[in-house]
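>
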Amino acid sequence: MKKRQRKKNEKKYITIYVDEFNLITMTDEERKQAWDDYLKYRKKYAFRKRYKDLKTSKPLMYVFPPSQSMGSLISEISKRSRKGNQPGTTVYQNQIDFIT
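Numbering (this note's numbering), first residue to last: 120 to 219.
As structure tokens, this is what we get:
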């Protein structure tokens with residue numbers, strides 16, 4: 120693809136605001152996989168063929184998935200922050216509980 124064609128093709132995508140914080144904690148392989156997933160997302164959701172569709176569309180938001188090391192760190196912190204390994208309790212309330 121020539122330079123002019125590439126530049127013309129790049130203008131057919133909606134603006135995507137990307138949260139890149141999770142890329143900091145990734146390994147090289149995870150980063151490459153995350154970037155490939157981002158390009159697939161961009162091609163699927165941000166491509167607009169007509170100029171009218173391009174101008175009327177709203178920008179998109181994309182967040183890279185957390186890395187394996189960050190996920191294990193978060194799970195370790197959550198284990199230590201709880202007083203035990205029991206799952207949390209779920210409380211169900213009805214509207215009758217609030218009428219007194």
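Idealized CB from N, CA, C, for every residue including glycine.
Please report the straight-line C-alpha distance between residue 199 and residue 189, rounded to a whole angstrom.
15 Å
> DSSP three-state call for residue 120: helix, strand or coil?
coil
> If contact is defined by three or more beta carbon pairs under 8 Å, each pair taking one atom from either stretch, is the stretch 162-169 in contact with the stretch 129-137?
Yes, they touch.
> Quick one: complete alpha helix (DSSP H) runs, 4+ long, within the stretch 149-196?
170-175
> I'd like to confirm the pairing. Which residues does DSSP put opposite residue 112 in its beta bridges?
Because residue 112 is not part of the residues shown, which for the chain are 120 to 219, the question remains open.
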